[in-house]
Structures are given as C-alpha cells and as structure tokens.
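2 protein chains.
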Amino acid sequence: MELIEGKKVAAEMKKEIAEEANSIKASGGKTPHLAAVLVGHDGASETYVAHKVKACEEVGFKSTLVRFEEDVTEEELLAKVDELNNDKDLDGFIVQLPLPDHISEQKVIEAIRPSKDVDGFHPVNVGRMVIGLPAFVSATPAGIMILLERYKINTSGQNCVIVGRSNIVGRPLSILLSQKTPTANATVTVCHSRTKNLNEVCANADILIAALGSPEFLTADMVGEGAVVIDVGTTRVKSDKTKSGWKLKGDVKFDEVSPKCSYITPVPGGVGPMTIVSLLKNTLLASKKEIYR
Amino acid sequence: MELIEGKKVAAEMKKEIAEEANSIKASGGKTPHLAAVLVGHDGASETYVAHKVKACEEVGFKSTLVRFEEDVTEEELLAKVDELNNDKDLDGFIVQLPLPDHISEQKVIEAIRPSKDVDGFHPVNVGRMVIGLPAFVSATPAGIMILLERYKINTSGQNCVIVGRSNIVGRPLSILLSQKTPTANATVTVCHSRTKNLNEVCANADILIAALGSPEFLTADMVGEGAVVIDVGTTRVKSDKTKSGWKLKGDVKFDEVSPKCSYITPVPGGVGPMTIVSLLKNTLLASKKEIYR
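Just so you know, the sequences run in chain order A and B. Heads up, the first sequence is in my numbering, so the first residue is -16 and it goes up one at a time. Heads up, the second sequence is in my numbering, so the first residue is -16 and it goes up one at a time.
What follows is the structure, given as structure tokens:
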C-alpha cells in the first residue's frame, strides 16, 4: 500500500506556482491577486479563508479579505461582487460558502463574472467543463485529478466508482474522469443514497472515490484487493484529544481499508491540501488569462 | 417484451402542446415562434430541418427557416444569430449542425442567447442542467427521460449503463438520470471506447442505453434478461429496398436483443420522434418564459 500524500504534492505545487509568480513579477508582470469574501464568523469558514489567505502569501500572490457581518443584505453582497468583477487589479475571487439563509447562494454565484470565478461554481464554468472547453474547474475535483496524475495512476478504461453526486465534488469529478483525455478515459459510475448493491458496486472498483461526507462510511468489505481509494471526506467530529476540540474524519475507515489498497489518500493530508493549491492554480491561470482571454 | 413507441408518445405530446398553444392564442397570447438556421444543403440536415418546420405547423407554432449557402462567412452567420437574439417575436431558435469547416460551431453556439437556446447546447444551459437549475435540456436526452416516465419505468436505484459519452446525448443523459429527482435517481455508468469488459458491464444493466452511433453494435450477449433497452442510434445506411436509397439503423441488433428485453425502443419510431417533440416543448417553455424570466 502506498500513501497518496496530498500534503507533499501540494507543497511541490506551491513551489512551482511561487516560481511562476516570481518569474511573472520579475519580467514586469502584475502580481496575481485573489480576493475572498467572508460573511459572518462560522468557525470552519474562518479557518478555510485564513488558509487561503495564508497560501496566497506563501506563493507570493496578493490577497484581499472582504468581510461582512452575518446580517449583510443580499443587495450589499451583490454590489460587492459587482465591484470585484470590475476591479482591474483582481484576477479572481471566491465567496466562501455557506451563506446565511436570507441570501441566495445561487444568485451570488451567478453574479460572479465567469472569468473571475476561480471556484468554478458558475454555470458557465460548469457547462464549459462538461463540454470539454477551457474552464475553471472547482478545486476539489481538480486537485484529485492532479493527485492521480502525479502518482501515475492509470485511469484509462478503469472501473471508477464515485460515491456521492454533489455539485462541487462527485458530479464534476465523474465528468472529468470519463472525458476523452489521456489522463482520464475511465469508465465512471456515480453512486448515491438510492444505489442498490452499493457494497458490491464499490468492491468491483479499480478506483474508488468516497465523496459523501459521512465519516468512516466506507468499510473494508466495500473495497476490492488492490483498489485505489480516494477519500474526499473532511467532517469535523468532536474530540477530547485535540486542542481545538475536534478532528477531521474522512469517509473511509482508514485502518481496515488501507491494507487492501494499492494506493490510498489519508485524512488529513490527502485531498484536503490539494483543494487550496488548486484554487491558487486557478488564480494563476486567471492572471495569465489562460481560460478566458 | 413491450415496445416503447416513441412515435405514439410523440403524437400524444404534440396534441398536448397544440392544445396549450391554442389556449395561449385563445387568451390573446403570442403564437410560439421557432426559427431554424440551415447552412448548405446536406441531405440529412435538410430532412431534419424540414421535419422541425412541419412539426411547428402541426402544433400551431409559427416557424421561420433561415437559409444560408455553404459559403456563408462566420461573421455573417454570427450577425444573423445576433439579429435572432434580438427579435422580440422569436421565442427560440436553433442552428442546424454540422456547420461547414470554416465556421466554428462552438463560437456560433456560444453566441446564441441562453434564453433562446432551445437546443440546450449553450454552456449556460449545460451548466444549469448539471447544477439542477431550470435549463433548456437538449432534445434527445430530454425525449428519453419523457419516454421512461410515460412508460412508468422505474429508474430509482436501478443500474443504468450508457454506452457513449457525447455532449449531445450520453453525457447529459447520464447527468439527468443520476440526479436526485423522483423520475431519475439511477446509478449511472458511462461507458465508451476505452471501457474494459464492456460486454459484462452492459449485461449487468437494468437499463441499457446505446448512444454511440455504431449500427447494430449492441448484440444479445451484451444484454441481460429483462433489461430495458433504449436505442439512440440513427445511422443512415445504404439500402436498395427504399426509395430514398438508405434506411435508418439503430445501435442495437433489434432482432436478437428484443426477445431478452422487458422494454425496447425500435428504430425508427423510438427515440427519434421524441427529439423533435422535445424541441417543440422547449419552444413552448421559452414562449411561456418558464426557464428564464
């Protein structure tokens, strides 16, 4: 069993991105610039946004944090999105989800200009990705594709099973993996709560991706010998052993599953670190105008 | 074995659409209006467009056929698209594909205003469909979903295998069928040229959809007892038995496959007729502003 060390790959990629940012700046180009909009003070959201800002610093990007209190109106938030759309120094921005109930997340997402939508959530980016056109691909699926590639895991013709059909992970990943590209070309099955014989379907997978957000859902009997297992779960569960009072749990029962695998991602240190580095990568692509002219 | 008679369902739906169009007109509303743009004189394209125009007449829609010769420039075509986008009387329009090589199909598709894109090919409509937002869904997958619904074929939790990953059939259908809606919820596998053990994967399907465009590709050994088989293929093959000199062949070897099926669509008269009626349905939705306000 070999561990897929997302943390290590993410560090390598950050180094590559920093080098490219430096060479852009050295040749007189603009510093890549990412903004994050944070509404309220949800603990997880605060942590994610802080990590994103810190990651920008690490690679030499400029970052801007825009804060609103919980009671910001939809109108005020949309006005800010409009301002960021038109900010010439800004290459891309994200609005950290979830938003308070009185604000339509979909309306906010659709207000972001697709060429600045480095989270890849706008319908235009989703649609372009599906069709196979250049697009900002959302960070988690993009990060998983990079991990498979860097670990030289053959996907072509492989039986790939994804558990979970969310718009931000399962669905886009299923599309990316089955596309007619040298690093994809897998036979992809999307499973979910209604799937019958789920255990059997999973046990037959060459590549098994757990992205349902249910801690330790995937057990050893659901995994075939020699499978590649990608664990996308990052649920915070209470813990009296950590200073924060919680720890991250994946969707895979690692201890019993890992001995059966050829490759497996740990939690933490697997898919998670790739998410932020994918966002940096998208910001770099935005600053280079590689997706949209 | 029961035949899924698309021709009959399409006729029923045309009647329903005609009734709705009449009641709109009777209450002083505008006549739904579809335009088709046809470049050149390709035989199949001429036939498709003629069918679409005729179908509009049958349901009491207004239709406009815009013709260009093969040597029309991309610029001229895009100018016409712009004109149609801004034509207030027009609810929706299609540009019949394929286009000549000197014109970028993608550029033309992206120039169509999403709210008039009744073919559902624009990235905005594709993306919205993927996310689960109201969208124009392309005609063939939409028609197949209607057939399954009208024949009360249970899809929830069923093992559904789609052979073919095209942007206009296999891919969107795979997304529609696996969505969390009462008429979908299937476990969907997308197969293609690289899939290993294709025969075995197909033989295990509860619902098997052949959408690869390879005449009589699907043989009896690839189909399990009691499966539902949907044949999307419509390849023109030479024939000395028809006046036209060709006949339509499906992707399924009907004679040997049909005895094993619980349900199967014939070719012709199965999926084909549903495609045009789905286009009429989209035009009606456009005229009622049910997808976009």
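Ideal Cβ placement from N, Cα and C applies to all residues, glycine included.
For residue i, three-class secondary structure by DSSP
i	result
residue 159 of chain B	helix
residue 59 of chain A	helix
residue 39 of chain A	helix
residue 78 of chain B	strand
residue 87 of chain B	coil
residue 248 of chain A	coil
residue 166 of chain A	coil
residue 148 of chain B	coil
residue 47 of chain B	strand
residue 120 of chain B	coil
residue 68 of chain A	helix
residue 220 of chain A	strand
residue 131 of chain B	helix
residue 235 of chain B	strand
residue 137 of chain B	coil
residue 243 of chain B	helix
residue 264 of chain B	helix
residue 99 of chain B	helix
Buried versus exposed call for residue i [16 or more other C-beta atoms within 10 Å across all chains shown]
i	result
residue -16 of chain B	exposed
residue 189 of chain B	buried
residue 266 of chain B	buried
residue 238 of chain B	exposed
residue 225 of chain B	exposed
residue 105 of chain A	buried
residue 171 of chain B	buried
residue 220 of chain B	exposed
residue 108 of chain B	buried
residue 320 of chain B	Residue 320 of chain B lies beyond the range of chain B shown here (-16 to 276); nothing can be said about it.
residue 242 of chain A	exposed
residue 264 of chain A	buried
residue 72 of chain B	exposed
residue 142 of chain A	buried
residue 100 of chain A	buried
residue 234 of chain B	buried
residue 228 of chain A	exposed
Other residues of its chain near residue i: CB distance less than 7 Å, five sequence neighbours each side excluded
i	result
residue 12 of chain A	none
residue 53 of chain B	22, 23, 83
residue 205 of chain A	182, 185, 186
Other residues of its chain near residue i: CB distance less than 8 Å, five sequence neighbours each side excluded
i	result
residue 252 of chain A	-12, -11, -10
residue 27 of chain B	219
residue 208 of chain A	243
residue 245 of chain B	-16, -15, 209, 210, 211
residue 29 of chain A	21
Own chain, CB closer than 6 Å to residue i, minus 5 neighbours either side, in chain order
i	result
residue 50 of chain A	21
residue 120 of chain B	103, 112
residue 1 of chain A	42, 43
residue 275 of chain B	98
residue 117 of chain B	274
residue 194 of chain B	147, 152, 153, 215
residue 94 of chain A	61, 64
residue 166 of chain B	132
residue 232 of chain A	198, 218, 220
residue 78 of chain B	20, 91
residue 136 of chain B	211
8 Å contact criterion, which residue i and residue j should meet: CB distance rounded
i	j	result
residue 257 of chain B	residue -8 of chain B	7 Å
residue 270 of chain B	residue 25 of chain B	Contact flag wrong, Cβ pair sits at about 29 Å.
residue 80 of chain B	residue 127 of chain B	The Cβ separation is near 19 Å, so there is no contact.
residue 146 of chain A	residue 174 of chain A	5 Å
residue 123 of chain A	residue 151 of chain A	6 Å
residue 76 of chain A	residue 17 of chain A	7 Å
residue 132 of chain A	residue 87 of chain A	Not a contact, Cβ separation roughly 36 Å.
residue 169 of chain B	residue 161 of chain B	6 Å
residue 144 of chain A	residue 201 of chain A	Residue 144 of chain A to residue 201 of chain A, Cβ: 11 Å. No contact.
residue 33 of chain B	residue 15 of chain B	Actually they are not in contact, since the Cβ atoms of residue 33 of chain B and residue 15 of chain B sit about 19 Å apart, beyond 8 Å.
residue 292 of chain A	residue 259 of chain A	Look at the range of chain A in this structure, -16 to 276, and you will see that residue 292 of chain A is not part of it.
residue 203 of chain A	residue 250 of chain A	Actually they are not in contact, since the Cβ atoms of residue 203 of chain A and residue 250 of chain A sit about 16 Å apart, beyond 8 Å.
residue 248 of chain A	residue 213 of chain A	5 Å
Check: residue i C-beta below 6 Å from any heavy atom of the ligand NAP
i	result
residue 174 of chain B	What this structure holds is no ligand at all, so the ligand NAP is not there to describe.
Proximal residues of chain C, C-beta to C-beta of residue i below 7 Å
i	result
residue 68 of chain A	Checking the listed chains, one finds no chain C in this structure; the protein chains it contains are A and B.
Whole beta strand (DSSP E) elements within the region 172 to 214 of chain B, 3-residue minimum: 190 to 193, 211 to 214
Secondary structure, alpha helix (DSSP H): runs of 4+ residues fully inside the region -14 to 27 of chain A: Taking only runs of at least 4 residues, the alpha helix (DSSP H) segments lying wholly in the region -14 to 27 of chain A are -11 to 9.
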